[in-house]
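Have a look at the structure below, then the notes.
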Amino acid sequence: MVCGGFAADMSEFGTRKLLARVLVVVLLAVVPALGALVYAGMEHHRSTSEAVRSETSRLARLIAQEESRLIEHARQLMSALGRIPEVRDRVRQECDVLLQEVARGQGFAHLAVVDGQGAVVCNASPDLLAYDLAEHPEIEAVLRGHGFVRGGYGVDPATGASVFRLASPLEGLDGPLVLYAGLDLRWLASLVHQAQFPTGSTVTVFDENGHVLFRRPDPTPWVGREFSDTSLIATVRERRAGTQELEGLDGVDRLYAFTTLSQVRGEGAYLTVGIPSGVAFADARRARTVSLTGFGVGVFLALLGAFFFGRTVLVRPVQRSTETLREAHTALQESEQRYADAYRAEQRTTERLRELDAVKNEFMAMVVHDLRSPLAVIGGYAQTLTRRWDALEAHQRTQCLDAISRTTDRLNAMVEQVIQIARIESGEFSYEQAPFDLAEVISGTVGDFEELQTGHRLRTQIPDDLPKAFGDRERNWQVLSNLLSNAVKFSPTGETIEVVVYPVAGRLAVAVRDRGPGIPRGELPKLFRRFSRLKQDGEIVQGTGLGLYICKKMVEAQGGTIDVETEVGVGTTFTYTIPVAQEGSS
Amino acid sequence: MKVLVVVEDDPDMRLLVQMTLGEEPALGMGGKATSAAQAVKEASRLQPDLVILDNFIEGDVTGLEVAPEIKAAAPHGKIILFSSYELADQVRSEPAVDAFVRKNQLPELLPTARRLLGLKEA
């Protein structure tokens with residue numbers, strides 16, 4: 002079977018596989034969409050970072066502008082202060098008061114006049130008078146003749162406040178003096194306030210050493226402290242400008258944008274703006290959530306659509322095709338089966354014909370053999386008579402002529418029976434199917450044999466109310482004659498031969514019983530075969546060996562059966578049956 | 007007197023053989039047999055000088071097949087296979103059979119018998 006199992010392959014399993022493939026194709030189609038979504042998310046993230054960075058840069062620019070403006074203002078103010086006699090002349094009390102007023106009014110956290118040895122000459126903060134400012138680099142620079150010096154952001158060591166340090170030379174009566182100012186960073190607060198960052202955001206300024214100079218909101222816990230070992234400050238000091246998600250000083254993760262503020266003499270300050278990650282990326286996350294949800298719903302709907310579309314447009318036609326294919330396959334198998342059956346039938350017929358041919362050949366061989374023998378006998382006796390007529394005695398001539406006559410009769414009977422067999426086996430032998438009086442046939446046949454005067458006693462036993470038989474009257478006469486002929490041949494002279502008729506199971510049975518020698522059991526299987534001549538004392542009884550075969554064929558053709566019961570030394574009974582005529586049959 | 011045994015299951019043919027060979031006064035009918043077993047038995051009992059042996063006899067054993075046994079039973083007896091069929095080739099390869107005569111050539115039977123027995127035509 003070339004396509005055995007094909008239909009099964011293309012059945013449920015095949016269509017499921019097909020549907021699965023459709024779904025995979027749909028999934029493959031939506032994967033780029035997922036990629037685009039991820040890319041869009043990243044882009045959103047990037048643009049958010051960029052926005053924060055841009056805002057931070059803008060703030061830094063504002064700070065730089067304000068810083069420049071304030072420094073210029075401070076420079077002019079400090080220059081003016083340097084020209085005031087109380088300051089130049091180191092009139093302590095008046096100087097202190099003046100500086101206090103200026104500091105308070107102009108936003109200075111610290112304002113002092115320092116002499117060439119670093120000692121404070123006068124001070125806006127009287128309690129810090131003794132503080133030595135000699136180590137301040139901007140004061141040193143001024144003393145070395147650098148004019149107005151922008152010291153940069155830092156923690157004022159005297160006050161601990163975050164300041165932008167400035168120093169300006171002034172010429173005192175007793176030698177050079179330095180006007181030192183720590184510009185308060187409160188101005189940063191108003192700028193930061195204007196920037197309006199989201200809740201939770203922090204703005205931090207710290208110096209090169211990691212000291213927090215400014216922080217909004219909540220300045221108090223942080224300002225003045227050093228955090229140089231935190232990842233935030235380390236990153237900012239390393240990269241100097243950029244954006245990055247980092248842990249803040251307070252441990253909160255934020256998106257930090259950072260940049261440098263003015264750098265003077267290598268001591269810069271850094272501005273960091275931290276926006277809580279959740280807030281910074283809220284839009285991005287919301288967009289991502291919406292996109293992913295949309296994507297999921299889209300994929301689900303696509304798969305659902307593909308499932309139903311696949312089932313309707315692909316799987317069902319395939320199933321229908323598969324069904325058609327399966328039916329075609331089944332039809333093919335049935336057709337193959339029919340051809341195989343026909344082929345086997347043909348083979349059987351051929352085999353049967355071959356057997357029949359062999360049987361026919363065997364039959365022909367036996368016919369030829371059985372014709373040769375009597376012909377040889379006839380020819381031999383004829384030759385003997387011809388050659389030795391005079392030499393033979395009268396009884397010998399008679400013996401020869403009797404033998405010729407006997408054998409000729411035998412030959413005639415044989416030829417007749419061979420012709421009958423040929424007609425029986427070719428189906429040309431016709432049987433009349435009609436009711437007939439079996440009792441009359443039996444009586445007539447027995448009468449014929451009595452006339453032959455064979456020396457046997459013939460008896461019949463026929464019921465008075467014997468129904469009519471149904472079949473061919475002439476053939477029944479032939480069958481009965483044949484059986485009686487055998488009985489006469491095999492029964493010793495003087496013995497009784499009986500013909501008994503009796504009804505049995507809707508039929509009539511005719512039994513021909515002799516008191517002959519019986520038939521040995523070994524002879525029985527071939528009894529009804531062609532050329533199975535019976536023997537008596539080992540000698541062939543004169544006959545053709547075709548009689549019983551013809552009887553069997555004739556009886557069977559009329560719907561009857563024939564059988565034999567025999568016992569060696571007791572006798573033989575041949576019994577044949579014939580259907581009873583039904584009432585009304587004609 | 008030469009002893010004859012005829013192995014033949016057809017009585018008319020057997021009678022014909024007897025009648026044909028009866029022309030020779032030196033031959034006397036010793037016995038008859040219709041089967042191979044009987045033939046061997048008669049050969050052993052009668053020690054015939056001549057056996058006329060039909061090929062297709064009663065039973066499953068043919069005359070040609072039983073010939074060696076007959077020869078063994080009666081070693082000095084001559085065997086003529088007598089058949090309707092042409093069996094000359096088979097007879098040549100069977101040393102137990104001394105001669106072959108076809109039944110449709112009956113006139114050759116007596117001369118063959120005389121030749122084998124060394125008898126002269128009277």
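Just so you know, the sequences run in chain order A and B.
If you read the first sequence in the numbering used here, its first letter stands for residue 2, the second for the next number, and so on.
If you read the second sequence in the numbering used here, its first letter stands for residue 7, the second for the next number, and so on.
Every residue gets a Cβ at the ideal spot worked out from N, C-alpha and C, and that includes glycine.
Can you list, in chain order, the residues of its chain whose CB lies under 8 Å from that of residue i, leaving out five sequence neighbours each side?
| i | result |
| --- | --- |
| Val571 (chain A) | Arg516 and Gly519 |
| Ile85 (chain A) | Leu99 |
| Tyr577 (chain A) | Val480, Leu484, Ala510, Val511, Cys552, Val556, Gly561, Thr562, Ile563 and Asp564 |
| Ser292 (chain A) | Leu38, Ala41 and Gly42 |
| Glu566 (chain A) | Thr573, Thr574 and Thr576 |
| Glu496 (chain A) | His457, Arg458, Asp515, Arg516 and Gly517 |
| Glu29 (chain B) | Leu116 |
Closer than 8 Å, CB to CB, is residue i near chain B or not?
| i | result |
| --- | --- |
| Arg407 (chain A) | yes |
| Val501 (chain A) | no |
| Gly548 (chain A) | no |
| Gln384 (chain A) | yes |
Residue i lies in the alpha helix (DSSP H); which residues open and close that run?
| i | result |
| --- | --- |
| Lys554 (chain A) | Gly548 to Ala558 |
| Gly299 (chain A) | Ala283 to Phe310 |
| Glu433 (chain A) | Segment: none, Glu433 (chain A) is in no alpha helix (DSSP H) and carries neither H nor E. |
| Lys84 (chain B) | First-last for Lys84 (chain B): Lys84 to Ser89, but that is the beta strand (DSSP E), not the alpha helix (DSSP H). |
| Arg238 (chain A) | Ser232 to Arg240 |
| Arg98 (chain B) | Ala94 to Arg98 |
| Ala49 (chain B) | Ala42 to Leu52 |
| Asp97 (chain A) | Arg93 to Gln107 |
| Asp254 (chain A) | Run containing Asp254 (chain A): none in the alpha helix (DSSP H); it sits in the beta strand (DSSP E), Asp254 to Thr261. |
| Ala73 (chain B) | Gly69 to Ala79 |
Find the residues of chain A that neighbour residue i, judging by a C-beta separation of less than 7 Å, and give them in chain order.
| i | result |
| --- | --- |
| Leu21 (chain B) | Gln400 and Ala404 |
| Asp18 (chain B) | Val378, Ala404, Arg407 and Thr408 |
Give me, in chain order, the residues of the same chain whose beta-carbon lies closer than 7 Å to that of residue i; leave out the 5 immediate sequence neighbours on both sides.
| i | result |
| --- | --- |
| Leu130 (chain A) | Confidence in Leu130 (chain A) is poor, its pLDDT being 49 and thus under 50, which makes the residue's placement unreliable; the coordinate value appears in the next sentence. These residues qualify, in order along the chain: Val121 and Asn124. |
| Ile85 (chain B) | Val57, Leu59, Ala73, Ile76, Lys77, Ala102, Val103 and Asp104 |
| Glu92 (chain B) | Arg108 |
| Gly36 (chain B) | Val9, Leu10, Val11, Leu52 and Pro54 |
| Ala558 (chain A) | Tyr432 |
| Gly279 (chain A) | none |
| Ala190 (chain A) | Arg217 |
Along the chain, where does the beta strand (DSSP E) that runs through residue i open and close?
| i | result |
| --- | --- |
| Glu248 (chain A) | Gly243 to Glu248 |
| Arg166 (chain A) | Ser163 to Gly173 |
| Gln462 (chain A) | Arg458 to Gln462 |
| Ala392 (chain A) | Premise fails: Ala392 (chain A) is in no beta strand (DSSP E) and is neither H nor E. |
| Glu1 (chain A) | Chain A is shown only over 2 to 587; residue 1 (chain A) falls outside these bounds and no answer can be derived. |
| Lys126 (chain B) | No beta strand (DSSP E) holds Lys126 (chain B); DSSP gives it neither H nor E. |
| Met19 (chain B) | Counting along the chain, Met19 (chain B) falls outside any beta strand (DSSP E), though it belongs to the alpha helix (DSSP H) covering Pro17 to Leu27. |
List, in chain order, every chain A residue whose beta-carbon is nearer than 8 Å to that of residue i.
| i | result |
| --- | --- |
| Ser99 (chain B) | Under the 8 Å cutoff, chain A gives no residues; its nearest Cβ is about 22 Å from Ser99 (chain B). |
What does residue i reach in chain A if we use C-beta pairs closer than 9 Å?
| i | result |
| --- | --- |
| Asn110 (chain B) | Arg373, Leu376, Ala377, Gly380 and Gly381 |
Any heavy atom of the ligand NAD closer than 7 Å to the Cβ of residue i?
| i | result |
| --- | --- |
| Gln462 (chain A) | The model depicted lacks the ligand NAD and carries no ligand whatsoever. |
Compare the C-beta of residue i against all C-beta atoms of chain A and say whether one is closer than 8 Å.
| i | result |
| --- | --- |
| Pro135 (chain B) | Residue 135 (chain B) lies beyond the residue range present for chain B, which begins at 7 and ends at 128; the question has no answer from this structure. |
| Asp66 (chain B) | no |
| Ser50 (chain B) | no |
| Pro113 (chain B) | yes |
Since residue i meets chain B, which of its residues come closer than 8 Å, beta carbon to beta carbon?
| i | result |
| --- | --- |
| Gln397 (chain A) | Met25 |
In its own chain, which residues sit with a C-beta less than 6 Å from the C-beta of residue i, not counting the 5 before and 5 after it?
| i | result |
| --- | --- |
| Gln195 (chain A) | none |
| Ala488 (chain A) | Ile498, Val513 and Asp515 |
| Glu14 (chain B) | Arg20 and Asp60 |
Entirely enclosed beta strand (DSSP E) segments - the region 475 to 545 of chain A, minimum 3 residues = 497 to 505 and 508 to 515
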